[in-house]
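The opening position of the sequence shown corresponds to residue 1 in the UniProt record's numbering, with each subsequent residue numbered one higher. For every residue, glycine included, the Cβ atom is placed at its ideal position computed from N, Cα and C. Everything on this sheet refers to the single structure shown next.
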Amino acid sequence: MLKHLAFLLFFSINYVCYCQTQPYQFSHLSTVDGLSQSAVIAIHQDKLGQIWIGTRDGLNKYDGTKFTIYRNEEGNPNSISNNDILSIHEDQDGFLWIGTYNGLNKYNPRTDTFTRFFHNQDNTSLSNNTIWIVKTLSNGQVWVGTSEGLSVYNKTTNAFSNYLNTSGRPISKRVMSILETKTGAVFVGTGAGIYKTSIGLPVLEFNFIEGSEAFYVQDLIAGMHNNILIATRSKSVLNYSIATNAFSAYLKENNIDENSKNVRQLLFDDNGTLWVGTYNGLKIVHKNKKIVNLQADIDNKNGLSKNSIKSLFKDKKGSVWIGTYYGGINIWDETNVNFINITQNQKGKGLNYSVVSSIENYKDIIFFGTEGGGVNVWNKQNNTYNYINQNNSQLTDNNIKSLKIVDGSLLWIGTFGNGLAVYNAETNKFETQKILSKTLIDTLSNTGVYAIKNDNFHNVWIGTFGQGLFKFNINSKKYQRIHSAHGSGNNLSSNLVRAICIDSNNNVWVGTEKGLNKIEENGAISSFFYDEKVQYGDDILCIYEDVFKNLWVGTKSKGLYKYNNSGFEAVNLSVGGIRIPSVHSILEDNKGQLWISTNQGIIKYNSELKENTTLQSNRRIN
């Protein structure tokens with residue numbers, strides 16, 4: 001997790017990110033992105049990494065950037081047989097098998113054409129044209145579940161063997177799921193129970209599993225301990241023990257509504273967490289059986305888009321794709337879930353202003369300093385928002401430039417043009433007059449405060465935009481002004497202060513409009529990135545010290561610099577081979593990677609490898 005929350009200066013809220021508290025946030029793909037239709041019934045990733053998506057109106061191929069849509073073309077026998085897609089599967093030879101409401105299709109990626117299979121009077125044809133499931137077994141056979149039983153494809157003869165009756169009991173007309181275990185046993189889930197056979201038999205013989213006749217089976221997956229998990233239409237998730245031939249409830253839930261008992265799909269992710277897609281929402285079942293219930297919320301743009309879940313799929317990267325009924329695709333990527341977007345919301349369920357310049361946290365409270373809405377207060381525990389502004393408090397300016405928690409619970413608030421305010425985050429009251437001296441309040445009353453830092457000696461360092469730097473001692477309430485005064489020989493390079501950093505040696509680094517300044521404990525000041533002869537220096541936007549005691553300096557037009565005992569060196573940050581000139585803020589994660597906000601978005605920088613990764617707003621397939 002990121003250590004601090006002071007991210008992004010002067011960035012639109014579309015780019016503002018923060019550490020999230022909820023572990024399941026989603027990116028989305030919809031018709032706006034090019035998806036043919038928003039009812040997503042089937043999802044599959046082929047050997048090339050492309051994602052295939054079956055909807056109620058067409059088959060989609062997604063390469064991470066664009067969609068290619070396949071629909072039935074009248075008069076073209078090489079097009080797909082039907083636009084209503086029910087299942088997608090890839091065989092061992094790289095052919096895709098597409099089940100639809102009207103026919104089975106074999107897609108050849110080399111020729112980009114479809115071969116159609118239909119039911120007819122020939123007993124070697126499909127048993128029915130409605131194809132619910134297609135599965136390739138370890139012996140290479142393609143098994144097809146239809147609305148009239150099971151069909152097994154023989155690629156040598158290009159024909160089907162159909163299984164409608166076994167041991168005097170007809171196989172249920174609707175075959176919904178096929179599961180092969182590691183031992184070669186095959187379980188067939190139907191609308192009226194489960195059948196079992198083995199691929200090792202010279203002639204397939206199906207045995208009905210007694211006790212399953214009451215279950216409308218919609219999906220079967222292998223469990224963790226020689227068992228099978230069963231998604232049913234009305235009994236939620238059941239556990240079947242192969243060893244004892246016994247069924248039991250897998251989920252222990254009380255007061256569950258009937259629609260949530262209608263489970264359509266099951267999936268284990270790479271962490272062993274079970275995803276349960278239901279008619280009414282998504283359930284995340286952890287190994288300890290703790291259940292997280294996710295529901296669609298129109299105000300949560302990072303949440304589930306619709307409650308009706310039709311398909312679950314895990315890609316090669318480990319991301320989980322969720323197909324919804326008329327809500328498009330939701331994608332959970334574990335490598336990206338630390339970040340979500342917060343947007344402006346006039347209903348009190350988000351920010352009241354769209355530009356955020358400062359962020360600070362206190363316990364479970366996140367404070368957002370906005371450029372026109374005052375301080376926005378988000379309670380992560382109960383997901384509520386409150387607003388501190390000129391209309392409802394002692395705050396004198398709604399344009400907030402800096403925030404800093406000092407002495408445990410005191411939130412120091414720097415404004416654009418009206419000085420400082422101090423707010424007690426514990427009592428929810430302003431204590432400006434109590435904490436600050438009247439002289440300091442008056443001195444800063446018409447001044448912008450752009451940076452606030454506290455040191456280990458009860459001093460608060462205040463960077464202003466026009467009056468230089470102030471060092472205020474909380475105990476004595478006395479302050480010292482450090483500013484630019486030509487000819488004094490020991491002063492700041494500029495009175496326009498944007499950034500402050502106190503390093504591990506108690507040196508105070510001050511970023512100004514004209515270069516970087518270092519103030520040592522004895523008061524000596526030295527300047528960097530500043531030419532005194534021409535009175536010019538780089539505009540310093542941010543300063544950060546990492547765990548290795550390297551100092552990182554972000555500038556407005558010269559990019560990023562790294563400082564250690566050897567001096568300063570320029571860091572090559574680039575996007576698409578083009579160097580990034582503006583660096584606004586820097587943070588470090590617990591892996592030693594730097595997270596850097598720039599005009600080109602957020603950059604993740606590995607200082608050891610000297611490699612950077614740009615976080616894209618659009619979806620890409622690994």
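Cross-strand partners of residue i (DSSP beta bridge)
{"i": "residue 645", "result": "Any property of residue 645 remains undetermined from this structure, which presents the chain solely from 1 to 622."}
{"i": "V186", "result": "E180, T197"}
{"i": "T113", "result": "N108"}
{"i": "F268", "result": "L274"}
{"i": "S27", "result": "I331"}
{"i": "K61", "result": "W52, T68"}
{"i": "H44", "result": "W52"}
{"i": "V406", "result": "L410"}
{"i": "A570", "result": "Y561"}
{"i": "W143", "result": "K135, V152"}
Beta-carbon proximity list for residue i, same chain, < 6 Å, skipping 5 on both sides
{"i": "S198", "result": "G184, A185"}
{"i": "G140", "result": "Q92"}
{"i": "D57", "result": "S36, Q37, N83"}
{"i": "G465", "result": "Sequence inspection shows Phe at residue 465; the Gly mentioned does not correspond to that position. Cβ neighbours of F465 beyond the five flanking positions: G448, Y450, L496."}
{"i": "L251", "result": "S236, V237"}
{"i": "W509", "result": "C501, K518, I543"}
{"i": "I221", "result": "L229, L266"}
{"i": "K477", "result": "S437"}
{"i": "F470", "result": "I462, Y479, R481"}
{"i": "D63", "result": "Q50"}
Local Cβ density within 10 Å of residue i, reported as buried at 16 or more and exposed below that
{"i": "G372", "result": "exposed"}
{"i": "M224", "result": "exposed"}
{"i": "L48", "result": "exposed"}
{"i": "T21", "result": "The predicted position of T21 is uncertain, since its pLDDT is 39 and thus under 50; a value taken from the coordinates is nonetheless stated next. Under this definition T21 is an exposed residue."}
{"i": "T555", "result": "buried"}
{"i": "N612", "result": "buried"}
{"i": "residue 640", "result": "Outside the displayed range of the chain (1 to 622) lies residue 640, so it cannot be described from this structure."}
{"i": "E545", "result": "buried"}
{"i": "I578", "result": "exposed"}
{"i": "N154", "result": "exposed"}
{"i": "A249", "result": "exposed"}
{"i": "V285", "result": "buried"}
{"i": "E205", "result": "exposed"}
{"i": "S557", "result": "exposed"}
{"i": "R498", "result": "buried"}
{"i": "E521", "result": "exposed"}
{"i": "E608", "result": "exposed"}
{"i": "V547", "result": "exposed"}
{"i": "S597", "result": "buried"}
{"i": "V422", "result": "buried"}
{"i": "E180", "result": "buried"}
{"i": "L104", "result": "buried"}
CB-CB length for residue i against residue j, believed under 8 Å
{"i": "V263", "j": "T232", "result": "6 Å"}
{"i": "I194", "j": "V217", "result": "6 Å"}
{"i": "V237", "j": "L266", "result": "7 Å"}
{"i": "L395", "j": "G369", "result": "About 11 Å separates the two Cβ atoms, so there is no contact after all."}
{"i": "K310", "j": "T324", "result": "6 Å"}
{"i": "K261", "j": "S234", "result": "5 Å"}
{"i": "G328", "j": "S38", "result": "5 Å"}
{"i": "S527", "j": "N517", "result": "5 Å"}
{"i": "S409", "j": "N428", "result": "Not confirmed; about 10 Å, so no contact."}
{"i": "G277", "j": "N293", "result": "With 8 Å as the limit, G277 and N293 do not qualify as a contact, their Cβ atoms being about 12 Å apart."}
{"i": "V575", "j": "Q600", "result": "5 Å"}
Spatial neighbours of residue i in its chain, beta-carbon cut-off 7 Å, leaving aside the 5 residues before and after
{"i": "V406", "result": "W412, N454, V460"}
{"i": "A570", "result": "G559, Y561"}
{"i": "N379", "result": "D364, I365"}
{"i": "S445", "result": "N418, G419"}
Same chain, Cβ closer than 8 Å to residue i, neighbours up to 5 away in sequence not counted
{"i": "Q381", "result": "D364"}
{"i": "N475", "result": "H458"}
{"i": "Y387", "result": "N352, G373, G374, V375, N376, V377"}
{"i": "N108", "result": "F95, F114, T115"}
{"i": "N239", "result": "G223, N227, I228, L229, I230, F247, S248, A249, Y250"}
{"i": "P77", "result": "R116"}
Residue i beta carbon near the ligand ZN (any heavy atom closer than 8 Å)
{"i": "Y153", "result": "For the ligand ZN, the structure offers nothing, since it holds no ligand at all."}
So, do the stretch 85-94 and the stretch 131-151 have three or more beta carbon pairs nearer to each other than 8 Å? yes
Taking one C-beta from the stretch 445-464 and one from the stretch 415-429 each time, how about it: are there three or more such pairs within less than 8 Å? yes
Would you check if the stretch 291-301 and the stretch 29-49 touch, i.e. whether three or more CB-CB distances between them fall below 8 Å? no
Would you call the stretch 344-355 and the stretch 317-328 touching, i.e. three or more CB-CB distances under 8 Å? no
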